[in-house]
Structures are given as C-alpha cells and as structure tokens.
Amino acid sequence: MDATLIAKRASVVALGLMAWAGLADAAMGTDDDRVSYSWSAELIEFDAENSMATVRARIVSRDGAEGLEDVAEGERLMLTWSGITRAAGIRSLSADLNVESDRMSMPVEFIALSDDGVYVDFRVPVPASDRERISELEPGRWITATAIRPAETWHDGVTQMRAFTDVS
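In the numbering used here, the protein residues as written are 3 to 170.
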C-alpha cells in the first residue's frame with residue numbers, strides 16, 4: 003500500500019477518534035459543567051410577592067412517593083425527575099437534600115401529595131426575568147421550566163419559566 007494512502011487513512015481515523023472523544027466528553031460532562039433540562043407541570047398558584055410558583059406534577063415511579071405521608075407542608079425536599087434532558091414525570095422525592103446525583107434533581111418546597119399518591123404539589127422560585135409572564139397565567143395552565151443540574155442553591159435550580167404553549 004502506498005505510504006501517502008496509509009497516512010491519509012491514519013489522519014481520517016485520528017480525526018474520527020478525536021470527534022468521537024469530543025462527543026463522549028460532551029455527553030458525559032465534566033465536574034464544572036452545568037447541564038440544562040426542562041420539565042413541565044400544572045400551575046396551581048403564583049405568589050407574586052415572593053416570586054414563587056406552586057405547581058403539580060405526576061409521580062411516574064412506583065415508589066416515588068414513598069415516605070411522603072409524614073412530610074409537612076413547607077419542608078424542603080430533593081425532587082428527581084425521570085428522563086434525560088426532558089422530564090417525563092417525577093421519579094422520586096427525598097428529604098435528603100444532599101443527594102448526589104447526575105440525574106435531573108432540584109430542591110423544592112413540598113406542599114401536598116394527592117390522596118391517590120399520584121401527584122405532588124411543590125413550590126419553586128420563579129426567575130425575576132419571568133415573573134411578569136407567569137403572573138399573567140391562570141391557575142390550571144401548564145408551565146415549562148428550564149433547570150440546571152446540579153442546582154447548587156435553592157434559587158439557582160430554575161433558570162427560566164414560561165407558559166407551556168410559549169415557544170419563544
């Protein structure tokens with residue numbers, strides 16, 4: 003085989019491996035990456051004075067509500083969504099706020115568990131930039147929020163909130 007052809011093939015293979023490694027790094031993330039994801043829930047109430055939204059979402063795992071019977075309204079919990087980049091429902095809620103997870107987890111304020119244990123109401127801060135548009139929504143409308151992982155503090159978990167039908 004011609005040495006030039008071998009060199010070209012080696013270059014193509016090397017470039018391919020470098021591209022693959024870059025994609026793998028992007029998919030896996032690094033320690034200082036803050037990856038965003040989105041979740042949706044029904045708006046129950048917006049407290050404009052405190053810039054807090056109370057929302058309702060479905061628990062999709064069999065044991066996701068385990069232990070919530072004794073949790074009081076106002077307690078902070080770690081909510082973990084089911085999904086990869088878009089939440090498909092609540093996987094679990096935990097009283098342990100220090101749960102280390104690469105999943106879509108965020109601190110929330112617990113409000114209530116539905117009688118059938120399928121839905122949970124919780125409260126989250128609304129970013130200042132989104133207060134006006136959330137205040138215009140009627141209870142019962144759906145919202146979509148963008149969040150980051152890992153959320154390092156109570157107030158930095160939700161980075162954007164909008165009406166579910168707002169695609170801007």
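All C-beta atoms, glycine included, are put in the ideal place defined by N, C-alpha and C. Predicted model only: the values in this text are computed from it and were never measured.
Considering only their Cβ atoms, is the gap separating residue j from residue i smaller than 9 angstroms?
i: serine 63; j: isoleucine 92; result: yes
i: valine 160; j: valine 122; result: no
i: phenylalanine 124; j: alanine 74; result: no
i: glycine 119; j: serine 94; result: no
i: serine 40; j: threonine 155; result: no
i: alanine 90; j: serine 84; result: yes
i: arginine 151; j: methionine 106; result: yes
i: alanine 130; j: serine 53; result: yes
i: proline 109; j: arginine 58; result: no
i: threonine 146; j: serine 42; result: yes
So is residue i buried or exposed if we call it buried at 16+ other beta carbons inside 10 Å?
i: alanine 16; result: With a pLDDT of only 44 at alanine 16, under 50, the local geometry of the prediction cannot be trusted, and the value read off the model is given with reservation. Label assigned to alanine 16: exposed.
i: alanine 55; result: buried
i: threonine 32; result: Here threonine 32 scores only 39 on pLDDT, less than 50, and its place in the model should not be relied on; the value that follows carries that caveat. Classification of threonine 32: exposed, given that the 10 Å Cβ count is below 16.
i: threonine 167; result: exposed
i: aspartate 132; result: buried
i: threonine 82; result: buried
i: alanine 50; result: exposed
i: alanine 153; result: buried
i: leucine 70; result: buried
i: isoleucine 86; result: exposed
With DSSP as the reference, please indicate the residues paired to residue i in a beta bridge.
i: arginine 1; result: This structure cannot settle anything about residue 1, because the visible part of the chain is limited to 3 through 170.
i: arginine 125; result: Thr56, Glu111
i: arginine 164; result: Thr146
i: serine 40; result: Arg88, Thr148
i: aspartate 49; result: Met54
i: tryptophan 83; result: Ile92
Between which two residues does the alpha helix (DSSP H) holding residue i run?
i: serine 137; result: 133 to 137
Taking only heavy atoms of the ligand MG into account, decide whether any of them is closer than 8 angstroms to the Cβ of residue i.
i: valine 122; result: This structure lacks the ligand MG, and indeed carries no ligand of any kind.
Touch test, the stretch 39 to 47 against the stretch 127 to 144, Cβ-Cβ under 8 angstroms, three pairs minimum = yes
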